[in-house]
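Structure, as structure tokens:
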Amino acid sequence: MLTILFDGIAYGMLLFILAVGLAVTMGLMNFINLAHGAFAMVGGYITVLLMQRLDVPFLWCLPIAFIGSALLGAVLERTLYRPLYNKPHLDQVLFSIGLVFMAVASVDYFIGSTQQIIQLPTWLKGRTEIGSGDWILGMGHYRLFIIAVCAALTVALQYVLARTRFGSRLRASVDDQRVAAGLGINVNLVFLSTFAFGSGLAGLGGALGAEVLGLDPTFPLKFMIYFLIVVAVGGTSSITGPLLAALLLGIADVAGKYYIPKLGAFIVYSLMILILIWRPQGLFVRKGGK
40 MLTILFDGIA YGMLLFILAV GLAVTMGLMN FINLAHGAFA MVGGYITVLL
90 MQRLDVPFLW CLPIAFIGSA LLGAVLERTL YRPLYNKPHL DQVLFSIGLV
140 FMAVASVDYF IGSTQQIIQL PTWLKGRTEI GSGDWILGMG HYRLFIIAVC
190 AALTVALQYV LARTRFGSRL RASVDDQRVA AGLGINVNLV FLSTFAFGSG
240 LAGLGGALGA EVLGLDPTFP LKFMIYFLIV VAVGGTSSIT GPLLAALLLG
290 IADVAGKYYI PKLGAFIVYS LMILILIWRP QGLFVRKGGK
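For the sequence shown, the positions run 40 to 329 when our numbering is used.
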């Protein structure tokens, strides 16, 4: 039971890093970007190609995946996304879904449809067991690494959004772009930086999750619903909500597949429905938040 809990926490932390960029763009920028999973796929394939073809060490691939996905996000934000900020949500949904299918087809054409495999460093393989009898905690080294990295990123992200000048400028830009611009805030630069950072986090999550979740051209489609569940259940007005929603989703998914494998994802969807009936706005919504 302790091992299942540990694996569920690791899975949940990974889902949070993958989905937090979507929570930021939806909650702070009011833009529905269903192509968010495509940036995660880009980060995963950057890692795979660097390791397989250039023998780049795994730890070096992680920041490269973040930077590559962030640069791609910045380019697309400047050229494609920005004109849609003031469009209806239906236009945003249709546009971003179209990008997903374009990304899936492009990766399938240029790289292939086979499942990609990552060879982790030796020190990230294996597991350590603590305890005895019925209370044994088996900790996979790589999952422990994922928890540590994602926890550090969560603290850093919360600090940036809540405690820094950039976070206050972002909130001001979202509340009223004209007033923020009148106060000297470069709204376009703030949105560009936010979108790029969220895309970079997705790419980093894709790089970390390639070994756990698997990686193939259909990655954005397979995990799109999980990203949306994290954002819908957790709410978009804070970082705490998506974090707890991702942990809850990860634990429920791992435990459900272990104890009741025949039900598959039924437990996750049932839990989502119950939570949204109880809290339609999400688990954590600030007073007056959307």
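For glycine and all other residues, C-beta sits at the position ideal for the given N, C-alpha and C.
Query: So the alpha helix (DSSP H) Met-178 belongs to, where does it begin and stop?; Result: No alpha helix (DSSP H) holds Met-178; the beta strand (DSSP E) holding it covers 174 to 179.
Query: When the Cα atoms are used, what is the spatial distance from Thr-64 to Phe-266?; Result: 13 Å
Query: Give the straight-line distance between the Cα atoms of Ile-268 and Met-311, rounded to the nearest whole angstrom.; Result: 7 Å
Query: Can you tell which of Ile-136, Ala-294, Leu-138, Leu-67 has its C-alpha closest to the C-alpha of Leu-41?; Result: Ala-294
Query: Does DSSP classify Arg-318 as helix, strand or coil?; Result: coil
Query: Tell me whether Ser-277 is buried or exposed, calling it buried when 16 or more other Cβ atoms sit within 10 Å of its Cβ.; Result: buried
Query: Looking at C-alpha atoms only, which residue of Leu-119, Ile-157, Val-59 is the closest neighbour of Gly-239?; Result: Val-59
Query: Would the region 151 to 164 count as touching the region 246 to 265 if we require 3 or more Cβ pairs under 8 Å?; Result: yes
Query: Considering Gly-165, what are the terminal residues of the alpha helix (DSSP H) in which it resides?; Result: First-last for Gly-165: undefined, no H or E at that position.
Query: Count the other C-beta atoms from every protein chain shown that fall within 10 angstroms of the C-beta of Lys-329, then say buried if there are 16 or more, exposed otherwise.; Result: Legend: pLDDT at Lys-329 = 41, less than 50; position of this residue unreliable, value from coordinates given subsequently. It is exposed - the Cβ of Lys-329 has fewer than 16 other Cβ atoms within 10 Å.
Query: If you drop the 5 nearest sequence neighbours on each side, which residues of the same chain put their C-beta closer than 7 Å to that of Leu-243?; Result: Ile-56, Gly-82, Leu-101, Ala-104, Phe-105
Query: Indicate the three-state DSSP secondary structure (helix, strand or coil) for Ser-309 in the structure shown.; Result: helix
Query: Check Tyr-124 in the structure and name its three-state DSSP category.; Result: coil
Query: Compute the beta-carbon to beta-carbon distance between Leu-159 and Phe-230, rounded to the nearest angstrom, for a pair I have assumed lies under 8 Å.; Result: Actually they do not touch by this definition, with Cβ atoms about 36 Å apart.
Query: Look at the alpha carbon of Lys-296 and the alpha carbon of Leu-129, and state the distance between them as a whole number of angstroms.; Result: 34 Å
Query: Does the beta-carbon of Gly-327 have 16 or more other beta-carbons within 10 angstroms, so that it is buried, or is it exposed?; Result: Caution applies to Gly-327, whose pLDDT of 44 falls short of 50 and renders its modelled position unreliable; the value that the coordinates give is listed next. Gly-327 comes out exposed.
Query: Tell me whether Gln-155 sits in a helix, a strand or coil according to DSSP, three-state version.; Result: coil
Query: With distances taken Cα to Cα, identify the nearest neighbour of Ala-109 among Phe-184, Tyr-181, Phe-305, Phe-236.; Result: Phe-236
Query: Are Val-270 and Leu-288 close, meaning C-beta to C-beta below 8 Å?; Result: no
Query: Taking the C-alpha atoms as reference points, what is the distance between Phe-258 and Gly-206?; Result: 31 Å
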